[in-house]
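Student: The sequence shown begins at 60 in the working numbering and counts up one residue at a time. Positions of the beta carbon are idealized from the N, C-alpha and C atoms, including for glycine. Note that the structure is a prediction, hence the values are computed from the model and not measured.
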Amino acid sequence: MEENKIKIDSLQAEALSLYEAGYLAAAEIKYKEILDLDINNAEAWRGLGTIYYVQEQYQDALEMLYKSLKLDSSNAIVYYNLGLVKEKIGYLAKAVRYYEKAIALNPYYIEAYHNLGKVFSEMGLLEQAETTFVRAIAVRDNYYINYLNLANILMMRQQINEAIASYKTALQLNPGDPLIFHSLAIAFLAKNEPVQAYLYFGYAAYYQGQYLEAISNYQNFLQIETGDVELYISLADCYQHLHEYAQAIQTYRESLQLYPQEIELYLRLAIILQDCGQTQAAIELIDDALLLFPDDISLKLEHLRIFPIIYNDIDEIAFYRERFTQGLANLIQPTFLNHPEAKESALKGIGWRTNFYLQYQGYNDLELQKQYGQFVHKVMAKKYPQWLGKLPLSPLNRDEKIRIGYISDCFHWHTVGIVFMGWLKNCDRQHFDISSYYINSITDELTQQFQIYSDRFHHIPDNLEAISQQIIADKLHILVFLDIGMTPQMTQLAALRLAPIQCAAWGHPVTTGLPTIDYFISSDLMEPSNAKEHYSETLIRLPNIGISYPKPIIPELSKSRSDFHLRSDAVVYLSCQSLFKYLPQYDYIFGEIAQQVPQAQFVFVSHLAAPIIEQFRQRLQRAFAKFHLESEEYCVILPRQNQLDYWNLNLVSDIFLDTFGFTGFLTTLESIACNLPVVTCPGEFMRSRQSYGILKMLGVTETIANNETEYIEIAVRLSLEREWRYKIVEQIKHCQNSLYEDKTCVAVLQAFYHRIIQGN
């Protein structure tokens with residue numbers, strides 16, 4: 060009997076998980092398996108009824124729900140579901156009775172209030188609808204939908220001012236909701252206040268990504284009234300999304316004339332100046348702000364974090380590195396966080412940005428990362444002392460699973476999400492229980508995949524306290540941060556102690572420097588022999604390249620070289636990394652290759668900001684001029700490509716040229732799937748050895764150089780000796796299966812989890 064109950068509970072959990080993930084047919088099978096074991100299981104009948112309702116099989120849904128009700132008449136959810144079906148088939152009065160019964164059984168059933176109010180509205184009973192939504196607010200006064208529903212009814216009853224007040228309350232509870240902004244705009248039009256309507260129509264368009272429409276509405280508003288700080292930030296952001304950076308900069312400068320006391324405006328303008336290559340202007344702006352706010356730590360942090368996106372020469376790298384080193388030391392030493400203002404300013408500073416661009420200078424960042432990590436930890440400790448202490452790790456009970464948590468800002472179509480999916484997909488579910496925590500608002504098909512491969516998936520964007528509370532409540536054994544250093548909130552969360560054992564993965568391949576991170580999980584083939592000297596954490600070297608990544612399914616070639624402005628007779632060298640990965644001391648390599656391969660064409664992919672592209676173009680011009688060559692005859696800088704066009708670009712290319720200092724990873728894996736020979740030169744640190752590790756695992760090592768001279772020689776030889784190049788291509792084709800879908804690293808990762816649990 061007990062065994063039967065355990066099996067039913069397991070099937071219930073599986074059915075619910077499948078239903079929530081949208082696999083209705085599979086969930087239906089599970090519910091029917093439950094009924095085979097227990098024909099009187101009311102919950103299984105209800106589950107089937109819900110599935111049939113979603114599938115629009117309304118008579119079948121009613122039959123299942125009535126069976127559930129006969130077995131258990133005290134379940135409010137069954138009455139609610141019956142109300143849904145009756146409403147859908149047009150029996151509104153019966154739907155009202157079922158919703159009211161659900162509320163009588165569960166006075167806190169918010170969804171039942173919502174549907175009851177909606178049905179009253181459809182029946183023309185607006186007073187009853189208003190009363191229902193007022194009752195819902197009394198039950199849950201912090202839920203924006205309650206106020207939105209009430210406001211809609213008030214609009215129908217021509218109570219415009221009351222509706223506006225209710226819409227604004229909804230907006231306070233759910234900022235950035237385009238539907239609420241649009242509803243407010245309609246309400247102000249109804250009041251014959253078109254200026255305010257322009258404003259809210261602008262916000263509605265902005266939050267839907269309709270930036271041109273938003274700009275038009277904002278400008279109409281600003282012709283008549285002065286905007287607040289939020290409006291100017293939104294307007295500037297519209298221009299940024301449209302890559303109209305000059306207009307964005309002008310908007311921020313205008314806003315600062317109106318609001319010179321708003322520190323956020325200085326911070327935002329500094330970032331866009333930096334993004335446009337105006338590094339010195341960004342620094343001078345923060346200098347000016349510090350004259351007004353000399354004690355503001357967020358400004359001081361931003362001041363030292365301003366790096367060039369790309370450097371003009373190696374001396375510039377040395378200058379900005381020393382500037383950061385000294386600035387960090389000066390900030391940390393005198394910083395006292397006992398005053399509330401200083402604590403909030405520091406918290407804002409570490410939550411604003413990371414020191415992301417420091418890692419692209421090509422040096423050992425261990426000591427600087429430790430200093431910065433200690434500072435972030437100190438700031439978070441002042442704000443959240445309850446989440447600092449070492450958490451106990453209790454011994455596992457018999458048959459108890461190890462609870463693993465994965466947290467990321469990148470559970471969407473992003474390199475981090477793509478490459479680490481295999482850790483979850485290939486997890487041993489008999490021994491591990493997986494919780495995933497996603498802190499970004501973007502969702503797509505990859506987000507759904509992470510949800511499917513997690514036992515629990517918590518999507519809590521932009522709320523550090525809520526995500527921390529959820530992690531603590533889940534009582535994890537191990538928490539793995541996939542991308543510390545990519546976004547500020549990931550760094551802030553990692554500076555807390557939310558699980559007994561905390562690990563960093565190499566979504567951003569550099570040590571975190573945080574005292575709260577115990578282990579750094581990396582790849583054995585990518586790490587040098589002395590790698591542990593580069594990390595503040597204990598280094599864990601997973602076999603091979605450390606991930607289980609499926610081979611991309613590359614479509615047939617559908618574009619020609621002319622579509623990419625490439626010559627049909629050229630030897631095309633594809634070098635497609637972000638421009639900030641290209642260090643100036645290696646620019647000469649392209650000119651050196653071109654001198655020996657006159658038919659060469661080098662393909663780069665552009666940055667979002669045109670000024671950065673121009674700076675890079677000028678660097679190439681100077682490098683080629685040293686060989687008395689015109690870079691324009693050899694170099695093509697293409698716009699950023701969609702996935703299909705990017706694969707086509709790989710397919711029409713001949714050779715993949717990797718970067719020095721910070722190599723490709725996903726780009727390398729995809730180029731190999733397109734059968735491109737990859738020329739790479741491993742450096743001192745893991746981030747400069749990613750392609751090296753991939754080629755070692757592939758078993759095609761002839762194109763790995765030991766130094767710059769060999770790199771050039773290999774690149775030239777691949778061009779001049781076509782038979783050798785074709786031989787490399789055939790080797791790549793033959794060995795590809797050894798590179799993708801690697802399960803060994805996942806097995807070793809799980810063995811590591813077992814080991815540290817047992818060792819503690």
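#1: Thinking C-beta only, is T570 closer than 7 Å to T27?
#2: Considering only the alpha carbon of each residue, which of L232, N423, G235, I239 lies closest to I223?
#3: According to the neighbour-count rule (16 or more other Cβ atoms, all chains shown, within 10 Å of its Cβ), is W41 buried or exposed?
#4: With DSSP collapsed to three states, give me the class of Y632.
#5: How long is the line joining the alpha carbons of A553 and I274, rounded to whole angstroms?
#6: For I373, which residues in the same chain have their Cβ closer than 8 Å to its Cβ, ignoring the five residues on either side in sequence?
#7: Note down the Cα distance separating L679 from I292, rounded to an integer number of angstroms.
#8: How is the alpha helix (DSSP H) around T550 delimited, first residue to last?
#9: For H300, list the residues DSSP reports as bridge partners.
#10: Where do the N-terminal and C-terminal ends of the alpha helix (DSSP H) with D492 fall, by residue?
#11: Around the C-beta of I391, are 16 or more other C-beta atoms found within 10 angstroms, so that it is buried, or is it exposed?
#12: Less than 7 Å between C-beta atoms, sequence neighbours within five positions excluded: which residues of the same chain meet that for K89?
#13: Are the CB atoms of D355 and S404 nearer to each other than 7 Å?
#14: Less than 8 Å between the CB atoms is what I'm expecting for N140 and R105, so what's the real figure, rounded?
#15: For Q428, I'd like the list of residues in its chain whose CB is within less than 6 Å of its CB, leaving aside the five on either flank, ordered along the chain.
#16: Pick helix, strand or coil for S500, following the three-state DSSP scheme.
#17: When we look at the beta-carbon of Q548 and count the other beta-carbons within 10 Å, is it buried (16 or more) or exposed?
#18: From G723 to I463, what does the alpha carbon distance come to, in whole angstroms?
#19: For the alpha helix (DSSP H) that R488 lies in, which residues bound it at each end?
#20: Grab the span of the beta strand (DSSP E) containing G410 for me, first residue to last.
#21: How far does the beta strand (DSSP E) with A84 in it reach, from first residue to last?
#22: In terms of alpha-carbon separation, which member of D492, D95, H518 lies closest to H536?
#23: Residues in its own chain within less than 6 Å of L209 by CB, not counting five upstream and five downstream?
#24: Look at A135 and L164 and say whether their C-beta atoms are less than 7 Å apart.
#25: Given a cut-off of 7 Å on the beta-carbon distance, is the pair A195 and N205 in contact?
#26: Measuring straight from C-alpha to C-alpha, what distance separates Y262 and P237?
#27: Please report the distance separating the alpha-carbon of G825 from that of I162.
#28: Just checking: is the beta-carbon of H471 within a distance shorter than 7 Å of some beta-carbon in chain B?
#29: Does DSSP classify A764 as helix, strand or coil?
#30: Exposed or buried, Y167, counting other C-beta atoms within 10 Å across all chains shown (16 or more means buried)?
#31: Can you check DSSP and say which residues form a bridge with T597?
#32: What first and last residue would you give for the beta strand (DSSP E) that runs through C562?
#33: For V695, which residues does DSSP report across the bridge?
#34: What does the alpha-carbon distance come out to for the pair F663 and L697?
#35: Under 7 Å, do Q654 and V631 count as touching if we go by C-beta distance?
Tutor: Quick answer:
#1: One cannot answer for residue 27 here, as it falls past the ends of the chain, which runs 60 to 819.
#2: Minimum Cα-Cα distance from I223 among the listed residues L232, N423, G235, I239 corresponds to I239.
#3: No information on residue 41 is available, as it lies outside the stretch 60 to 819 that the chain covers here.
#4: Under the three-state reduction of DSSP, Y632 is assigned to strand.
#5: If you take the alpha carbons of A553 and I274, they lie about 38 Å apart.
#6: Once the five neighbours on either side are set aside, the close Cβ partners of I373 are L642, P643, Q644.
#7: In this structure, the alpha-carbon of L679 lies about 35 Å from that of I292.
#8: Under the DSSP assignment, T550 falls in the alpha helix (DSSP H) whose first and last residues are 547-553.
#9: H300 pairs with nothing; no bridge assigned.
#10: Taken as a continuous stretch (DSSP letters only), D492 belongs to no alpha helix (DSSP H), being part of the beta strand (DSSP E) at 491-497.
#11: Exposed: under 16 other Cβ atoms inside 10 Å.
#12: Within the same chain, K89 has close Cβ partners L70, E73, A74, L77.
#13: Their beta carbons are under 7 Å apart, which means D355 touches S404 by this criterion.
#14: Yes, they are in contact, since the Cβ atoms of N140 and R105 sit about 7 Å apart, within 8 Å.
#15: Excluding positions up to five away in sequence, the list reads T570, G572.
#16: Coil at S500, not helix or strand.
#17: By the Cβ neighbour-count rule, Q548 is buried, with 16 or more other Cβ atoms within 10 Å of its own.
#18: Whole-angstrom Cα-Cα distance: 29 Å.
#19: That residue, R488, is in no alpha helix (DSSP H); it is neither H nor E in DSSP.
#20: From DSSP, G410 is part of no beta strand (DSSP E) but of the alpha helix (DSSP H) over 399-411.
#21: Careful: A84 lies outside any beta strand (DSSP E), inside the alpha helix (DSSP H) at 83-96.
#22: Nearest option by C-alpha distance: D492.
#23: Excluding residues within five positions, the ones whose Cβ falls inside 6 Å are F192, S225.
#24: Going by C-beta atoms, A135 is nearer than 7 Å to L164.
#25: In this structure, the beta-carbon distance from A195 to N205 falls below 7 Å.
#26: Taking the straight line joining both Cα atoms gives about 7 Å.
#27: With the chain covering only 60 through 819, there is no way to say anything about residue 825.
#28: Included in the structure is just one protein chain, with no chain B present.
#29: If DSSP states are grouped into helix, strand and coil, A764 belongs with coil.
#30: The residue is exposed, with fewer than 16 neighbouring Cβ atoms inside 10 Å.
#31: Y578.
#32: It spans 560-564 - the beta strand (DSSP E) in which C562 sits, taken as one unbroken run.
#33: V695 pairs with V662.
#34: A straight line joining the alpha-carbon of F663 with that of L697 spans about 6 Å.
#35: Taking the C-beta atoms as reference points, V631 is found no nearer than 7 Å to Q654.
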